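In the order they appear, the protein sequences are chains F and B. Position 126 of the first sequence, counted from 1, bears residue number 126 in my numbering, the numbering being contiguous throughout. Count along the second sequence from 1, add 1000, and you get the number used in my numbering. Beta carbons: idealized from backbone N, C-alpha and C, even for Gly. None of these values were measured; they are calculated from a predicted model. To start, the structure under review is shown below, and the notes come after it.
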Amino acid sequence: MSGFDDSLLNEADETVRVRFVVNGRKVACEVAPRETLVDCLRDKLELTGTHAGCEMGACGACLVQLDGRAVHSCLIFAVQADGATIDTIEGLSELGAIADLQAEFHRRNALQCGFCTPGMLVNAHELLSQTAQPSREEIRDALSGNYCRCTGYEAIVDAIDAVASERMKAGGAGGGVT
Amino acid sequence: MTAPLTSLDRPNSYIGRSVPRPNAKRLLAGRGRYISDLRLPRMLYAAFLRSPHAHAKIVSINTEQVRAVEGVHLVATGTDLAKICTPWTGTLDHFKGMTSAPQLPLPLDRVVWAGQAVVAVVAESRAIAEDALELIEVDYEDLPVVVDLDAAREAGGALVNPGSVNNTCFRSQLDNGAVDDAFAHATHVVEEEFSFGRHTAVTLEPRAIVADYDPAAGMLTVHHGTQTPYQFQDLYSRHYNIPEARVRVIASDIGGSFGMKLHVYHEDMAVVGLSILLGRPVKYVADRIESFVSDIHARDHRVRARMALDAQGEILAMDVEDLTAIGAFSTYPRTSVVEGNQVIRLMGAPYRFKNYRATLEVIFQNKVQTSQYRAVGHPIACAVTERLVDMAAAKLGLDPFAIRAQNVIPDGAYPQTSPTGYRFEALSHQACLKRLHEMMDYDGLRAEQADLRKRGIYRGIGIAAFVEITNPSPAFYGVGGARISSQDGAILSLTPSGEVRCLISVTEQGQGTEAIISQIVADQLGLAQEHVKVITGDTEMTPHGGATWACRGAGIGGETALQATRALKRNILEIAALILQEQPSALDIIDGQVVDAATRNQRMPIAEIARIAYFRSDTLPPGTQAQLTVSHHFAPQGYPFAFTNGIQGCSLEVDVETGLIKLLKHFIVEDCGRVINPMLVDEQLRGGIVQGLGAALFEECRYSDTGQLVNGSLADYLVPMPMEMPDIVIGHVETPTADTELGAKGVGEAGTAAASACVLNAVNDALAPFAVTINSIPITPLKVLTALKRF
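Structure (structure tokens):
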């Protein structure tokens, strides 16, 4: 390993300017090409509601909405998201888009440590925007990429199920704002 | 509308009520404050170079190139940290003869497991620190690797710690006599060898720490994702020689812990040292692969056990040998033998039998340490006992419910001492058995099973009774010389506006500590719950205590809060009595109002008492010193543990072509004494069950012959996901402990304790037509097909 090429480090340090619309606001930041979107959101934009659990797309803690679809922010580089519209748990909360889901999760204690919760909510939001009244089986299936170590998942399934029914009763299939 | 009023219909009656957690809204909005989120001014980031070898001599370490890298502030080896940190040894005095080698943050001359941290780099970003690791050259010289349990025990074999006589960490025996005699006279004997794989906690947030040493103040502040901040305050103080009062440990939101986050980890100790060396905040967050190779693992037992029964199916005796391998060191400060110790002491716990003998052997090997993880020892003892009971039932032609009904200690027969030496205050096995039978629709399930079997569909039904250890007294660790508190403390203040602030030493990891404490305070004081603010997890603010582990949050923390609140209420009413010219005993508090105890007529708001006491003490009688802050500690007395009990059942289907197991439904009847918040208890039970189900079917840390962990990622190490998990039906029996006013016991281990035993019994029940058995977990498809000789 002697004779390490110094330029390797410099290359890694070189940054690229990227622009996104994050939670409804235009932002620009300097990122290293190797920086993942989750690191950019958490470290550069201080949006720490998006969590890194496994950093390989297996746990779902890092889910955000990218151009309206739920994606793993640990699996894409920030540079790949250049020009995209990104909504994180913070933005979805402020928008009120998932207020009914959050209220139902709260009412049923569908969380414990809360680390998986933002990803769960982003996924639940996506599910209900695609399928107005999913069966419990379909809810479990949709959440099968969201790992929770604390709960037994059941209260989460119950909460999503209840919100789907409420939204149906209220007459709007999608319910949320996307 | 005509239902009779219950205690829950009183105003401010929160004990027993399913109220949501006040802190959950914050987490739902993405406003959690996890240690991994924290960024401090001038903060640097640590990364560790890890050993690629399971056992090797460190010949040399060359860090020259790294020190020149821009952005790197410090490179530290074991030698650098050994200058400021004293070593630790994971033994307890009451485990006679126990050994373990001294540990340091980073090793000096030898690595003992693959993944052990060897060199630390601190840099301006984690990425720079990781880049820099690649420039470090370490020369290793391979040493013989001890991986396999049998090889570790071989006389003259390779040693984990050269210089020791063998690889034994600890040996222990329990024997209350006449076991051989009981087996000689038994009509039936059932016997089996079981194995339980290594698994690990896989908290969704990995371990995280930010150490911040301020040399000007001589003050160390550590933001630490831990369950036990006071324990770490003591440890950082002693091992880094900083006065205790100048060490502050803050544990804010924690992304899962389950026992894993209360042990001393080498990297965490190193990060404290790195911060001391630099005089700047240093952050370390394990990534997932680091978590797999450096978090404690758990279980890893091989148990040989037999049970003697008479002709009628009465259990007479048990004879048990537990072999467990714990990695290269015993963990500190709780040790790695507690699990084995609890395995041999929880064997047969639900049952009435007299003769018991057990040996425990705890062995070192070149793997990461195993130690306490949720339901320490419970799943092993439960699976072994409950499998033997099922095997006995089959031999005797008894139904699994019938043999248990015949043998459990009757509900009216307490107090009882188990043949393993545990003292049970009051358990409710009979009530739980009966309730589970109804809840499962057991007869219906059996009929359906028989029906489906004719069509080649193999369903299994399994049940497993358990006893859970909660609320440990000082006899647990204190007696062994560990500075781990069994008491807790609370400081309760009435604020000038008439609200209550409660600082308490039990900590919150999402199970709802803050919620139940505020329920208890509001209930006991006579206040709306939203007017109680609970603060946890900061050694500088909250009084010293054991914090939350071994299910002590409700039972010990809750009782502390209850007693503290009663003291505050007495003080408030004394001042109210002075103002109102009344006897304190004639007054009470409802909904924040002082009332006449007899008529409930309102006299004055407690906010007015606070206003007078804080701002117009001149209007109070001379000599009055209003004590609107009380501090109170509570340590468990009476029984050494608050044992709880329950029973679980499950229904599952085995696909005999693929070996896949589908969990259909799970049931639990559980008795944790007084339930403070049923909703929190229920989801706590479900979470615990799912961890047990993961162990039963999926989770195993697999090692190669050379001691490499081969499945250290969430793609390779399977965890229970929503799709594989069943709905879980819950029933409660309440037998409050008489040792406290509150009567609450713990509930955190209950789910995990018996879930894997249930599945083991159910799978064997499903495979009964094939006359094959499975005796190890996880029960993978490969094991099923191998048992069926289809692979």
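Residue i versus residue j - alpha carbon distance
i	j	result
B/ALA1286	B/THR1780	29 Å
B/ARG1352	B/ASP1181	18 Å
B/LEU1346	B/ALA1696	19 Å
B/HIS1790	B/THR1658	It is worth fixing the name first, because residue 1790 of chain B is Arg in this sequence and not His. Going from the Cα of B/ARG1790 to the Cα of B/THR1658 covers about 9 Å.
B/PHE1643	B/THR1099	30 Å
B/LEU1452	B/ALA1413	41 Å
B/ILE1535	B/ILE1504	6 Å
B/ILE1579	B/THR1629	19 Å
B/SER1417	B/ILE1409	Before going on, a small fix: residue 1417 of chain B reads as Thr here, not Ser. Roughly 10 Å separates the two Cα atoms.
B/ASP1322	B/SER1336	14 Å
B/LEU1785	B/ARG1302	22 Å
B/LEU1742	B/PRO1736	8 Å
B/LEU1049	F/SER144	34 Å
B/LYS1083	B/ILE1276	12 Å
F/CYS150	B/GLU1499	32 Å
Amino acids of chain B, ordered along the chain, whose beta-carbon sits closer than 7 Å to that of residue i
i	result
F/GLU166	The contacting residues do not exist; F/GLU166 stays about 17 Å from chain B at best.
F/ASP141	MET1723
F/ALA155	GLU1683
F/ARG107	PRO1020
F/GLY152	GLU1683, ARG1686, GLY1687, ILE1689, VAL1690, MET1725 and ILE1728
For residue j and residue i, believed in contact at Cβ under 8 Å, the rounded distance
i	j	result
B/LYS1569	B/GLN1524	7 Å
B/VAL1189	B/MET1391	So it is not a contact: roughly 10 Å between Cβ atoms.
B/TRP1113	B/GLN1103	About 12 Å separates the two Cβ atoms, so there is no contact after all.
B/VAL1669	F/TYR147	Not confirmed; about 28 Å, so no contact.
B/PHE1194	B/SER1756	So it is not a contact: roughly 11 Å between Cβ atoms.
B/THR1470	B/GLY1340	So it is not a contact: roughly 19 Å between Cβ atoms.
B/ALA1358	B/LEU1174	5 Å
F/ASP141	B/MET1723	6 Å
B/ILE1676	B/GLY1016	7 Å
F/THR48	F/ALA78	Not quite, the Cβ-Cβ distance comes to about 16 Å (not below 8 Å), so this is no contact.
Under 9 Å from the C-beta of residue i: neighbouring residues of chain F
i	result
B/TYR1014	Near B/TYR1014 there are no residues of chain F at all, since even the closest Cβ is about 15 Å away, more than 9 Å.
B/SER1713	CYS54, MET56 and ALA58
Residue i and residue j closer than 8 Å at C-beta
i	j	result
B/LEU1106	B/ALA1123	no
B/LEU1562	B/ILE1520	yes
B/GLN1233	B/VAL1247	yes
F/ALA132	F/ILE160	no
B/GLU1749	B/GLY1688	yes
B/VAL1690	F/TYR153	yes
B/ARG1110	B/LYS1057	yes
Where residue i falls, given that 16 or more other Cβ within 10 Å makes a residue buried
i	result
B/SER1704	exposed
B/SER1631	exposed
B/THR1370	buried
B/PRO1379	buried
B/ASP1037	buried
B/VAL1772	exposed
B/THR1086	exposed
B/THR1706	exposed
B/THR1006	exposed
F/PRO33	exposed
B/VAL1681	buried
B/THR1226	buried
B/PRO1185	A small correction: the amino acid at residue 1185 of chain B is His; Pro does not occupy that position in the sequence shown. By the neighbour-count rule (16 or more Cβ atoms within 10 Å), B/HIS1185 is not buried but exposed.
Contact set between residue i and chain A, taken where Cβ atoms lie within less than 7 Å
i	result
B/GLN1372	The question asks about chain A, but that chain is absent: this structure's protein chains are F and B.
Under 8 Å by beta carbon: chain B residues contacting residue i
i	result
F/PHE20	Here the premise fails: no neighbours, minimum Cβ distance about 17 Å.
F/ALA61	LEU1204
F/ILE89	ALA1029 and GLY1030
F/LEU111	ALA1024, LEU1027, LEU1028 and GLY1510
Amino acids of chain F, ordered along the chain, whose beta-carbon sits closer than 7 Å to that of residue i
i	result
B/VAL1202	ARG149
B/MET1679	ASN109
Closer than 9 Å at the beta carbon, the chain B residues around residue i
i	result
F/SER144	MET1721, PRO1722, MET1723 and GLU1724
F/SER93	LEU1028, ALA1029, GLY1030 and ARG1031
F/GLY83	Neighbours of F/GLY83 on chain B: none; closest Cβ ~24 Å, over 9 Å.
Where residue i meets chain F, residues with beta-carbon distance less than 8 Å
i	result
B/ASP1037	ARG42 and THR48
B/TYR1034	THR48, HIS51 and PHE115
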